[in-house]
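Chemist:
Residue numbers (UniProt numbering): 1 to 798.
1) According to DSSP, is residue 751 part of a helix, a strand, or is it coil?
2) Relative to the C-alpha of residue 40, which candidate in 591, 579, 619 has its C-alpha closest?
3) If I measure Cβ to Cβ from residue 232 and keep anything under 6 Å in the same chain, skipping five residues before and after, which residues do I get?
4) Indicate the three-state DSSP secondary structure (helix, strand or coil) for residue 190 in the structure shown.
5) Check for me: the beta strand (DSSP E) holding residue 393 runs from which residue to which?
6) Given a threshold of 16 other Cβ atoms within 10 Å of its Cβ, counted over all protein chains shown, does residue 279 qualify as buried or as exposed?
7) Below 8 Å, can you find three or more Cβ-Cβ pairs linking the segment 539-556 to the segment 455-466?
8) Specify the secondary structure class of residue 367 as computed by DSSP and reduced to three states.
9) Buried or exposed for residue 209, please, with buried defined as at least 16 other CB atoms from any protein chain shown within 10 angstroms of its CB.
10) With distances taken between CB atoms, is the gap from residue 286 to residue 308 smaller than 8 Å?
11) What are the start and end residues of the beta strand (DSSP E) that includes residue 427?
12) Between which two residues does the beta strand (DSSP E) holding residue 147 run?
13) Using DSSP with H/G/I as helix, E/B as strand and the rest coil, what is residue 17?
14) Is DSSP giving residue 572 helix, strand or coil here?
15) If we call anything under 8 Å between Cβ atoms a contact, is residue 340 one with residue 352?
16) Can you give me the start and stop residues for the alpha helix (DSSP H) that residue 807 sits inside?
17) Give the range of the beta strand (DSSP E) segment to which residue 263 is assigned.
18) Excluding five sequence neighbours on each side, which residues of the same chain lie with their C-beta closer than 7 Å to the C-beta of residue 130?
19) Alpha carbon to alpha carbon, what distance is there between residue 474 and residue 261?
20) I need the boundaries of the beta strand (DSSP E) containing residue 287, first residue and last residue.
21) Report buried or exposed for residue 599, applying the criterion of at least 16 other Cβ atoms within 10 angstroms of its Cβ.
22) Going by DSSP, what residues sit across from residue 29 in a beta bridge?
23) Hey, could you find the ends of the alpha helix (DSSP H) residue 532 is sitting in?
24) For residue 597 and residue 647, what's the separation of their Cα atoms in angstroms?
25) Rank 374, 643, 607, 567 by C-alpha distance to the C-alpha of residue 19 and give the top, closest one.
26) Tell me which same chain residues have a C-beta within less than 6 Å of the C-beta of residue 662, skipping the five on either side of it?
27) Since residue 305 sits in a beta bridge, which residues does DSSP pair it with?
28) So which of 244, 158, 263, 659 has the shortest CA-CA distance to residue 362?
29) Whole angstroms are fine: how far does the CA of residue 570 sit from the CA of residue 85?
30) Where does residue 617 land, buried or exposed, given buried means 16+ other C-beta within 10 angstroms?
31) Would you list the one or two residues that DSSP bridges to residue 276?
32) Tell me whether the beta-carbon of residue 304 lies closer than 8 Å to the beta-carbon of residue 369.
33) How is residue 101 classed by DSSP in three states: helix, strand or coil?
34) Quick check on residue 378: does DSSP put it in helix, strand or coil?
35) Per DSSP, what kind of secondary structure is residue 152 in: helix, strand or coil?
36) Alpha carbon to alpha carbon, what distance is there between residue 94 and residue 125?
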């Protein structure tokens, strides 16, 4: 609902005082930019979740690391912890490990070993997934509180001398009628029944409706002899409405105010306060009501209201029954309202419409009388409502479409009277109990200084401006009815031509509650319209602020809208700070731990201790990296000249070709060196055993491994001999025995070397050792290695 066109919303940072100075820091963006920010936050939370999992993996990997030989489950678990980027990937991979190692039963059961890690991964995954979803709650998808700029701020004032009478009559008064109808329509939608705060039909106000307390069994608000009912009357009390939480004036607690409205209504008796009247110059008889002198511009009269007498004969119908025809004019209700203000005598006489009699006089409240008439309306049921009372039997109605007739009833008297009072109270919640509120009085009582509850001049100025805005834009229930006329009656919704459908016995109370709702909606709308300012057509009626305190209120109006997005700066900051710290820790934790361990190792070395803090754990973490596992696989078959072997990104010499996968055995692929791949793809060098399908390349690998093992054992023997102290008395027989061992070793090695060197596709250079015929040992011609061993022994013997 808007009378001001497009709302001028402030974009940027501001403070929503509903949550305090820190928690209320708010950022307002357009809907498009807000969507981008929400998407970024969700992605950021996902990234933080990934980093949190990597931290958990690092800690788990270090905790589980063991320098002892372990089984395949251990090594696969460590590899998964080292290389899984997300918790859900790790949980899935570990689940596959459990499935793969489920048999045979002789192995250690994998499920108990991996259950805790999988559970942790799932908890982290779900937690950050939920956090990503709820991170969007730094704003709301339906409606957001936003702040108006206040650039065009100002209430509308129709009595400005600078405004011409024509402009007042043709622009201002029609605008007021439009406002009243919009407020009444809003009350029908949003003040009736249960309503969600997020209902788009009840934007843009901070509160969809202002809460009220209804007492439908109240006592008479006037003298007891003038009320039709001593109980069963109505009180509608708003309680204290807060300027910030209810009216949307965004301000800290010290600059807020509270207001309270109390409406009391009761049906009024007419007997003894009405009399027929017939003027001398006419035969028409009327009914006059005497509830006080009517105040007119040219003087006054001694009665309050005059209504035509009821016509019970229906002279225009000469039939015992009548049929509704198209030419019959629509019958409708009639309603008139009179209001008397409380205040000083001069004030009351100047602004009141009548002077209430003693039975209706209230010095502490404004008094309103509502006169309801229903000429020519036929009620289809007896109506016991004291204001719509209809018990007189009317002519029955015949239908062209149904047999029989329908009995009807007419109102009991020419006009029924409803009397109401309105009281207003202002409070300052910052003052002590007992002195914080003004007295309950009429809405515009000039005898009460409502600024006395504020102490500083600045607060008084702000409150006076707010009170002026309220008085210029507020519509009391009498103003609602006066502007809308019979359209203010909800009973008309059941009126068809001249026939009124059934009405409940408390219809008058429902009407009053609707009027109060429209009146409260006008309070809500007044401050929003003031903050946004009028459209160019009505700029001539705008009362602009001229003081700093007034401008402060102008720039403090909040509304609720779905066209903009407001975010909690505190919420965004917490997400970015916590998530950023997690990401920084993820990137720096490994280096930090390694630095601490290196420092501890240096201290241990200075103290001549052999303690090595975390060296194996660090190396296992690096070795389990994806690229390091790849390096180990290639280097194991002596392919590639590797650098950065202790870093997660090892490299080879420029241009080196690495191993390829031998896919001939689909169940067990292995790496093979490049030269084997070339030989395998050469038509003249490929040979495959018809029985087991192995190639010469595989046999050659086995021979090379045997050769290397022989060399290793020979070298161990030499080192053992060099370390022993040979006695000078050693005989040459012992020397011969040692030489023979060397010759035998050389014989075995030379035989293997001879076989390998005969291969045209040799991949490595082997020692050039001459072959020795099997069984023909020539101790006088030893190999170079046995000679070196013999020489060393000879020197020691000498």
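No residue lacks a Cβ here, since even glycine has one placed at the ideal position from N, Cα and C.
Please read all numbers here as calculations on a predicted model, not as lab measurements.
Modeler: Taking the definition as stated:
1) Note that residue 751 scores 40 on pLDDT, short of 50, meaning its location in the model is unreliable; the coordinates nonetheless yield the value given after this. In the structure shown, the three-state DSSP call for residue 751 is helix.
2) Ranking 591, 579, 619 by Cα distance to residue 40 puts 579 first.
3) For residue 232, where only same-chain residues beyond five positions count, the Cβ hits under 6 Å are 217.
4) Helix, per DSSP.
5) In the DSSP assignment, residue 393 falls within the unbroken beta strand (DSSP E) covering 390-393.
6) By the neighbour-count criterion, in which 16 or more other beta carbons inside 10 Å mark a residue as buried, residue 279 falls on the exposed side.
7) These segments touch.
8) Strand.
9) Flag for residue 209 reads buried.
10) Residue 308 is positioned such that its CB atom lies closer than 8 Å to that of residue 286.
11) From DSSP, the beta strand (DSSP E) with residue 427 extends over 416-427.
12) Counting along the chain, the beta strand (DSSP E) containing residue 147 begins and ends at 144-147.
13) If DSSP states are grouped into helix, strand and coil, residue 17 belongs with the helices.
14) It is helical.
15) In contact: residue 340 and residue 352 (Cβ atoms closer than 8 Å).
16) The displayed coordinates of the chain run from 1 to 798. Any statement about residue 807 would go beyond what the structure contains.
17) Segment 258-268, the beta strand (DSSP E) holding residue 263.
18) Contacts found: none.
19) One C-alpha to the other measures close to 12 Å.
20) Boundaries of the beta strand (DSSP E) harbouring residue 287: 285-289, taken from the DSSP string.
21) When all chains shown are included, residue 599 counts as exposed.
22) Paired residue(s): 565.
23) Residue range 507-532 is occupied by the alpha helix (DSSP H) that includes residue 532.
24) Going by the C-alpha atoms only, they are around 17 Å apart.
25) Ranking the options by Cα distance to residue 19, first place goes to 567.
26) Once the five neighbours on either side are set aside, the close Cβ partners of residue 662 are 670, 672.
27) Residue 305 pairs with 289.
28) Closest option to residue 362, judged by alpha-carbon separation, among 244, 158, 263, 659: 263.
29) So the two alpha carbons sit approximately 30 Å from each other.
30) Flag for residue 617 reads buried.
31) In the DSSP assignment, the residues bridged to residue 276 are 287.
32) Cβ atoms of residue 304 and residue 369: closer than 8 Å.
33) Per DSSP, reduced to three states, the secondary structure at residue 101 is coil, with no helix or strand assignment.
34) Strand.
35) DSSP places residue 152 outside both helix and strand once states are collapsed to three, so it counts as coil.
36) Approximately 14 Å between the Cα atoms of the pair.
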